[in-house]
Structures are given as C-alpha cells and as structure tokens.
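*Asks:* Just passing along the structure, written as structure tokens.
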RNA sequence: GGCCCCGUGGCGCAAUUGAAUAGCGCAUCAGAUUUCGGCUCUGAGGGUUACAGGUUUGAAUCCUGUCGGGGUCACCA
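Shown next, in the form of structure tokens:
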C-alpha cells in the first residue's frame with residue numbers, strides 16, 4: 181500500500197496541489213500504535229515546499245485519496261502527520277493475495293545478481309567456539325536471506341589450513357605427544373578425542389612450552405647471561421629493562437609483555453616452527469604428510485560440528501591453494517611499482533597516502549602472510565565465478581582494518597570487482613564474566629554449548645504434555661530443534677554490528693523474546709489446523725481490530741525480508757517474527773475460532789492463522805531454525 | 001598515544017537511518033483459563049537516550065568537545 185500511495189500522490193500532484201512535487205519529499209511511515217490509522221504520511225517536507233499549513237495539505241491529500249481510491253476509508257490530520265485508515269476491502273484483498281502466494285514474502289528466485297557469502301573460515305589449529313557460532317549462524321542466515329530476496333547465492337568458506345599457527349600444532353604434536361605401548365603418538369582413534377579437539381590440545385601445548393622457554397631466557401637475562409644472543413636483542417632487552425625503573429605497575433606490565441615477546445622470538449621452539457613453515461612452503465614430503473594427517477583430523481571434527489549446526493557450503497577454498505596466487509599477485513604488484521621491496525627482501529605496500537599505514541605482504545624469508553593469501557583467495561573466487569555481483573566476508577570487527585587494507589590493495593591492483601567486496605563486520609560475543617580468553621580458560625566450546633542447550637531443552641520438555649505419544653527418537657529430534665532454535669535465535673536477534681552479551685541462563689529461556697516462544701506459537705497453529713479444515717475466503721467479511729492488527733503484521737513480511745537483505749541483518753527477521761507472534765498471541769487470546777458460529781469468520785481466522793504459521797516457518801528457516809508441529 | 005567502533009529504565013535489547021508522548025523482553029508488583037495448547041494474555045511502576053554545546057520546523061540518530069568501555073596499530077591469523 182505504501183508504494184501505491186506514494187505513487188498516486190506523486191503522479192497526481194497537479195490534481196492535488198496544482199503543481200509538481202519531487203518524489204522524495206513524499207515520506208511515509210508506520211502509524212504510531214496509539215493512533216488510529218494504517219499508514220502515515222509525513223507532511224513537513226511538503227509543507228516546507230508549498231508554504232501551506234499541514235492541516236490544509238493533509239486535507240487535500242486525504243480527500244483525494246478517499247474519493248479516488250477504494251483502499252482508503254478515512255483520514256485524520258494530526259500535527260504534521262496524515263494518518264490514513266485502510267478499508268475492510270483493502271484488508272480482505274490483501275489476505276486473499278497473501279493466501280494465494282506459494283512463498284509469501286519471498287522474491288522471484290534468481291532475479292538478482294549472484295552473491296558469494298563467506299562465513300566460518302576457521303583456523304585448523306583449534307576447535308570452534310562461541311564466537312564462531314555467531315559468525316556461522318550469521319553468515320548462513322545472511323546467505324539464506326539473500327537467496328530468499330532473489331539472489332543466487334554461493335556459500336563459501338576459506339579454510340585457514342596453512343601458516344605458522346598450524347606448524348605450531350604440528351611441531352608440538354611431534355615433540356610432546358606421549359606414545360602408547362604400540363609406539364603410536366596420540367590420534368583421534370587411539371584417544372577417542374574429536375580431531376579438532378586433539379589438534380587444539382597440541383596448539384595449547386605449544387604455547388605452554390613456548391612461554392616456559394621464553395621465561396627461562398628472561399631469567400638468564402636477568403642474571404646478565406647474554407651469551408648466544410644477538411647484540412641487537414641484548415640492547416633492546418637492556419633498554420626495556422632500564423625503562424621499568426620507577427614506573428607504575430601498569431607501565432611495568434606493558435614493558436614486561438614486550439620483554440616476553442622479545443624472548444619468545446629467541447626460543448628454539450619458534451625457530452623450529454618457522455623452519456617447518458619454510459619446509460612446508462617448499463613442499464617437503466615429510467612435513468606435508470604430517471600436515472595432511474593432522475588437518476584431516478580437524479576436518480572430521482569440524483564436519484560433525486557443522487552438521488549439528490545445520491549449515492553447509494557450496495564451495496570451499498583452502499589457503500594452501502590460494503596463497504600461491506597471492507604470492508603471484510604480490511610479484512605482479514611489485515613489477516608495477518604498486519608495492520615495494522625492502523633491503524631484507526620483504527615486500528610492502530605503502531598506504532600512507534590513503535591515510536593508512538604500510539603493510540607487509542611477503543616476509544623476508546619469502547613466506548606468505550595473512551594478507552597475501554586473502555588477496556589470492558579473492559582473485560580466485562572472481563575467476564571461478566565471473567558473474568559475481570558481490571562478495572560478503574562474514575568476519576569479526578577486530579579485522580575491520582585488515583579488510584579496509586585488503587579492499588584498497590585489490591583496487592590498486594586494478595580489479596574492478598574490488599568495489600563489490602563487503603566486510604560484514606560483527607561484534608564480539610562477551611560473557612557475563614567478561615571477554616572470552618583462551619589463556620584464562622573462559623572460551624565456550626561450540627560442541628559443549630550445543631550439547632548443553634539441547635540437554636536443557638530436554639529437561640524443560642519432558643515434564644510437559646504433547647510428547648506422550650512420541651517415540652524416543654522423535655523426542656530427541658524435538659529437543660534438538662528447540663535447543664538449537666533457542667541458541668540460534670539468541671545469537672541472531674541482536675544487530676550483527678553490535679557487540680553482544682551471551683548469558684547462558686538466558687539463552688535457554690523459553691519465555692519472552694526467544695526462539696522457543698515463536699516455535700510454540702507455530703505448534704499451536706498446527707494444532708488448530710489439525711482440528712479444522714481451511715476453505716476459500718468469503719467475499720463479505722468484516723475484520724475486527726485484533727484481526728486487522730495481525731493482518732497488518734502479516735502484511736509487513738516482504739518489507740522485513742527486503743530490509744534484512746539490504747542491511748545484511750538477520751536480526752530484522754528475528755524481530756519481525758517476534759512482533760508477528762505477539763500479534764498472533766493477542767489475537768488468539770481475544771477471539772474464539774472453533775467457538776465461532778459464523779462459518780465465514782471461523783474460516784477467515786483459520787486462514788489468518790495458517791498464513792502466520794507459514795511465515796513463521798519460512799522465515800525461521802532463513803535463520804536456520806526448524807519449527808515443530810507439536811512441542 | 002594515532003585511527004576505528006560503542007554508551008538508551010536494574011539487566012539484555014529495539015527504534016523504519018532526521019519525525020508525533022523513545023518501544024520490547026527479563027526481573028518486580030497486580031490480574032485473566034466453564035473456551036481452540038498457560039512455554040499464553042491483560043495491566044502497573046521504572047528514562048534528562050553518558051555529559052556539555054551546536055545544526056534543524058524537528059535529534060537517541062548529524063557536527064564539535066569531555067568522560068567511560070572496546071577494538072586495532074605483528075615478518076600472528
């Protein structure tokens with residue numbers, strides 16, 4: 181209705197005002213809840229232009245609409261606002277249209293440009309945690325929302341399967357894994373550990389030994405034993421140490437951290453890890469075998485985690501493939517003088533003219549860094565899918581700067597598609613106790629958390645009815661659906677851009693603005709539909725206020741989806757559904773359906789309920805959430 | 001310190017991107033079921049939108065400054 185009204189006012193401006201007005205000053209908004217009306221025109225811009233009073237302008241528009249369209253019954257001018265009241269015919273017509281659509285709210289499939297959405301993109305050196313859950317649910321939902329909005333969508337991830345961090349796990353496993361009586365080191369099969377968990381364990385193991393070795397070095401330095409260290413390092417240490425003199429606690433802490441970093445760089449462990457990386461890039465067979473084996477374990481572990489999450493990918497990229505392309509790009513840029521080389525052989529890009537810094541693109545030992553491979557990956561993707569109209573990177577906001585730099589570099593290299601790259605930057609997930617910190621062991625493991633919410637859902641469901649005639653299997657499926665639905669909804673209902681708080685107790689709540697609350701409404705509707713048949717709508721119906729309120733919410737569905745797609749914000753879908761369900765519950769509480777004697781009214785209420793149910797189901801699916809027919 | 005992001009009832013979040021009296025959930029208090037699923041619904045209390053200026057017919061939203069929180073400034077990813 182909004183679009184039609186705008187169009188009429190614009191096109192008939194001469195008839196209404198006696199002159200043409202610009203389209204953009206015709207502004208509409210939702211009518212306030214406590215005011216009578218279904219659509220509101222904001223009159224201030226028009227008033228300003230025509231130098232007339234709001235009352236006069238409002239009356240002109242209102243009179244015209246009432247007498248020239250069949251959808252507007254009456255109007256009222258309040259201040260600078262024109263509140264329009266839609267007619268019963270309008271609402272009946274809308275309900276019929278909505279009811280007739282196969283996938284109400286969705287756009288024509290593949291009617292818009294193809295988009296690639298990247299999410300998850302884990303490192304293969306540790307298991308997934310709560311932060312990944314937000315990332316993955318978010319990216320997956322955005323992909324589904326874009327698809328529903330008419331885009332062809334390719335879901336992808338980049339597997340961060342190479343780099344110094346991977347070598348750390350490999351080295352630690354090789355060096356520190358105990359052997360069993362058969363002389364085997366630890367593997368998923370001989371320990372029963374999930375592959376990603378096992379590898380993660382050795383990453384931690386590396387860090388422990390790494391820090392220990394560094395501290396031993398510092399102890400030596402404190403005793404003035406500097407044999408075997410480079411002069412530069414010794415001087416740097418002495419400088420930092422001297423600075424500590426007489427400083428406050430905070431400054432000393434900072435200096436100690438710097439000293440620790442300095443010492444870390446002197447450890448044999450790091451040197452060996454670096455050597456391993458060089459060997460890996462040179463495709464040393466033994467290193468490659470170890471790498472393949474350990475990555476294989478991790479992939480198996482991830483596979484089961486993804487399955488539990490209910491997400492999938494259309495195309496997977498590996499950095500072990502794309503970093504070569506990245507290196508080529510770096511060389512290309514060097515030849516074109518877009519990049520430059522320092523004396524030690526390292527290659528950099530100077531972005532100071534763009535208000536950014538200098539950025540390393542290739543180490544002096546010739547190995548690739550994060551930026552190198554991201555350049556290669558981007559090029560690879562647009563080569564694979566030349567029609568891509570957009571590339572969305574779902575990555576946390578701690579990498580805002582990284583993506584700014586990446587996109588700028590790609591532009592400088594002359595790729596036209598660089599402008600279609602977009603960083604979907606989301607906020608960190610905090611716990612009530614503060615930040616998640618691996619060193620303090622406060623990281624919430626993804627597998628553990630999912631198992632926990634399902635368990636809680638089970639406890640809550642078991643002592644309620646409606647599952648008596650279900651098999652054990654069905655009950656498990658149901659609890660899975662409720663627990664995961666609650667968790668996904670909890671993580672998705674907040675604006676992605678914002679940092680959010682994860683409260684474990686609240687995430688498994690069933691009341692209020694939660695996934696299960698919405699699932700419950702769906703189950704109720706299914707129960708209604710089992711009791712009564714839906715037939716076609718009568719031509720003569722009069723809606724009551726609660727029915728119109730519900731119909732209005734139902735009417736908002738396409739707009740909610742469109743905005744969610746445009747803003748890449750699944751939270752808008754979540755919030756919309758919550759509003760829809762509140763309106764439904766209000767309706768449900770205020771009218772009787774099977775107690776209604778007028779057959780046409782009873783049928784209309786069933787049709788209304790049916791359509792609410794359809795939207796809940798299809799929109800919840802966009803968020804990756806299933807709905808139960810009983811719960 | 002430079003750059004970037006964020007401050008909304010006790011807590012967690014909204015606000016159509018500049019519009020009416022800033023909404024909702026939790027929590028608190030008071031109610032509702034001879035009725036289709038009470039994981040529901042109705043009502044009440046609770047706010048100077050961190051603070052101070054400015055722009056505008058109109059500011060939580062835009063600009064400037066202050067305070068507070070976070071991120072980032074690696075030959076880590």
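Residue numbers (our numbering): 181 to 811. Positions of the beta carbon are idealized from the N, C-alpha and C atoms, including for glycine.
For residue 385, I'd like the list of residues in its chain whose CB is within less than 6 Å of its CB, leaving aside the five on either flank, ordered along the chain.
*Replies:* Position 205 of the first chain holds residue 385. Apart from the 5 residues on each side of it in sequence, residue 385 sits with its Cβ closer than 6 Å to the Cβ of 352, 356 in its chain, given in chain order.
*Asks:* Is the stretch 616–624 touching the stretch 534–550 in the sense that three or more CB pairs, one from each, lie closer than 8 Å?
*Replies:* no
*Asks:* Quick one: complete alpha helix (DSSP H) runs, 4+ long, within the stretch 641–723?
*Replies:* 652–672, 684–687, 695–711
*Asks:* Under the rule that 16 or more other beta-carbon atoms within 10 Å means buried, what is residue 496, buried or exposed?
*Replies:* Position 316 of the first chain, counted from the first residue, corresponds to residue 496. Result: exposed.
*Asks:* Tell me which same chain residues have a C-beta within less than 6 Å of the C-beta of residue 729, skipping the five on either side of it?
*Replies:* One-based indexing of the first chain puts residue 729 at position 549. So the qualifying residues of the chain are 763.
*Asks:* Identify whether residue 513 lies in helix, strand or coil by the three-state DSSP scheme.
*Replies:* As a first step, residue 513 is located in the first chain; it is residue number 333 there, counting from the start. Residue 513 falls in the helix class under three-state DSSP.
*Asks:* Can you name the start and end residues of the beta strand (DSSP E) that residue 729 belongs to?
*Replies:* In the first chain, residue 729 corresponds to position 549, counting from 1. Residue range 725–735 is occupied by the alpha helix (DSSP H) that includes residue 729, with no beta strand (DSSP E) assigned at that position.
*Asks:* Where in the stretch 427–473 do unbroken runs of the alpha helix (DSSP H), each at least 4 residues long, occur, reported from the N-terminal end onward?
*Replies:* 429–444, 448–461
*Asks:* Within this structure, are the beta carbons of residue 673 and residue 751 separated by less than 8 Å?
*Replies:* Counting from one through the first chain, the residue named residue 673 turns up at place 493. Counting from one through the first chain, the residue named residue 751 turns up at place 571. Judged by their CB atoms, residue 673 and residue 751 are nearer to each other than the 8 Å cut-off.
*Asks:* Can you tell me whether residue 381 is buried or exposed, with buried defined as 16 or more other CB within 10 angstroms of its CB?
*Replies:* The sequence position of residue 381 within the first chain is 201, counting from 1. Residue 381 should be labelled buried.
*Asks:* Closer than 8 Å by C-beta to residue 446: which residues in its own chain qualify, once you throw out the five before and the five after it? Chain order, please.
*Replies:* Working through the first chain from its first residue, we reach residue 446 at position 266. Excluding its 5 nearest sequence neighbours in each direction, residue 446 has C-beta neighbours in its own chain below 8 Å: 394, 397, 409, 413, listed in chain order.
*Asks:* Distance check for residue 183 and residue 679, CA to CA, integer angstroms please.
*Replies:* The residue given as residue 679 occupies position 499 in the first chain. The residue given as residue 183 occupies position 3 in the first chain. In this structure, the straight-line span from the alpha carbon of residue 679 to that of residue 183 is close to 35 Å.
*Asks:* So who's on the other strand from residue 540, going by DSSP bridges?
*Replies:* Translated into the one-based positions of the first chain, residue 540 becomes position 360. DSSP lists 528 as partners of residue 540.
*Asks:* Compute the Euclidean distance between the alpha carbons of residue 516 and residue 592, then round it to the nearest angstrom.
*Replies:* Numbered from 1 along the first chain, position 336 holds the residue referred to as residue 516. Numbered from 1 along the first chain, position 412 holds the residue referred to as residue 592. Taking the straight line from one Cα to the other gives about 10 Å.
*Asks:* Could you check which residue in 416, 439, 480, 299 has the C-alpha nearest to that of residue 378?
*Replies:* Counting from 1 along the first chain, the entry for residue 378 is found at position 198. Measuring from the Cα of residue 378, the nearest candidate turns out to be 480.
*Asks:* For residue 557, I'd like the list of residues in its chain whose CB is within less than 6 Å of its CB, leaving aside the five on either flank, ordered along the chain.
*Replies:* As a first step, residue 557 must be located in the first chain, where it is residue number 377. Excluding positions up to five away in sequence, the list reads 338, 497, 502.
*Asks:* Apart from the five residues on each side of it in sequence, which residues of its chain come closer than 8 Å, Cβ to Cβ, to residue 704?
*Replies:* As a working note, residue 704 is residue 524 in the first chain. Only 768 meet the Cβ criterion.
*Asks:* Which of helix, strand or coil does DSSP assign to residue 772?
*Replies:* Within the first chain, the letter at position 592 stands for residue 772. Three-state result, residue 772: coil.
*Asks:* First and last residue of the alpha helix (DSSP H) that includes residue 224?
*Replies:* By one-based count along the first chain, residue 224 stands at place 44. Taken as a continuous stretch (DSSP letters only), the alpha helix (DSSP H) holding residue 224 covers 224–230.
*Asks:* Could you check which residue in 702, 780, 342, 237 has the C-alpha nearest to that of residue 499?
*Replies:* In the first chain, the residue the question calls residue 499 occupies position 319. Residue 499 has its Cα closest to that of 342, out of 702, 780, 342, 237.
*Asks:* What residue range does the beta strand (DSSP E) around residue 555 cover?
*Replies:* Counting from one through the first chain, the residue named residue 555 turns up at place 375. Segment 550–564 is the alpha helix (DSSP H) holding residue 555; no beta strand (DSSP E) there.
*Asks:* Cα-Cα, which of 211, 576, 710, 246 is closest to residue 312?
*Replies:* For the purposes of this step, residue 312 is taken as the residue at position 132 of the first chain. Ranking 211, 576, 710, 246 by Cα distance to residue 312 puts 576 first.
*Asks:* Name the residue from 415, 627, 349, 564 whose alpha carbon lies nearest to the alpha carbon of residue 457.
*Replies:* Numbered from 1 along the first chain, position 277 holds the residue referred to as residue 457. If we check each option's Cα against that of residue 457, 349 comes out closest.
*Asks:* For residue 521, does the three-state DSSP call read helix, strand or coil?
*Replies:* As a working note, residue 521 is residue 341 in the first chain. Here residue 521 sits in strand by DSSP.
*Asks:* Using the Cβ count rule (16 or more neighbours within 10 Å means buried), how would you classify residue 713?
*Replies:* The residue you call residue 713 lines up with position 533 of the first chain. Exposed is the call here.
*Asks:* Would you mind sorting residue 803 into buried or exposed? The rule is 16 or more other CB atoms within 10 Å of its CB.
*Replies:* To locate residue 803, count along the first chain from 1; it is residue 623. Under this definition residue 803 is a buried residue.
*Asks:* How far does the beta strand (DSSP E) with residue 803 in it reach, from first residue to last?
*Replies:* Within the first chain, residue 803 is the residue found at index 623, counting from 1. It is not in any beta strand (DSSP E) - residue 803 carries neither H nor E in the DSSP assignment.
*Asks:* Between which two residues does the alpha helix (DSSP H) harbouring residue 580 extend?
*Replies:* Here residue 580 is taken as the residue at index 400 of the first chain, counted from 1. Taken as a continuous stretch (DSSP letters only), the alpha helix (DSSP H) holding residue 580 covers 580–592.
*Asks:* Take the Cβ of residue 376 as the centre, count every other Cβ of all protein chains shown within 10 Å, and call the residue buried at 16 or more, exposed below.
*Replies:* The count along the first chain starts at 1 and reaches residue 376 at position 196. Under this definition residue 376 is a buried residue.
*Asks:* Measuring CA to CA, which of 538, 809, 467, 213 is closest to residue 519?
*Replies:* Looking up residue 519 in the first chain gives position 339. Nearest C-alpha to residue 519: 538.
*Asks:* For residue 209, I'd like the list of residues in its chain whose CB is within less than 7 Å of its CB, leaving aside the five on either flank, ordered along the chain.
*Replies:* On the first chain, residue 209 is found 29 positions in, with the first residue counted as 1. Cβ within range, chain order: 220, 222.
*Asks:* Could you give the DSSP three-state label for residue 599: helix, strand or coil?
*Replies:* Counting from 1 along the first chain, the entry for residue 599 is found at position 419. If DSSP states are grouped into helix, strand and coil, residue 599 belongs with the helices.
*Asks:* May I ask you to report which of helix, strand or coil DSSP gives residue 494?
*Replies:* Against the first chain, residue 494 aligns to sequence position 314. If DSSP states are grouped into helix, strand and coil, residue 494 belongs with coil.
*Asks:* Could you tell me the distance, in whole angstroms, from the CA atom of residue 407 to the CA atom of residue 541?
*Replies:* Reading the first chain from its first residue, position 227 is the one you call residue 407. Reading the first chain from its first residue, position 361 is the one you call residue 541. Cα-Cα distance, rounded: 34 Å.
*Asks:* Can you find the residues in the same chain that come closer than 6 Å, C-beta to C-beta, to residue 122, ignoring five residues on each side of it along the sequence?
*Replies:* Outside the displayed range of the chain (181 to 811) lies residue 122, so it cannot be described from this structure.
*Asks:* Got a sec: does the ligand PLP put a non-hydrogen atom nearer than 7 Å to the Cβ of residue 306?
*Replies:* No copy of the ligand PLP appears in this structure; indeed no ligand is present at all.
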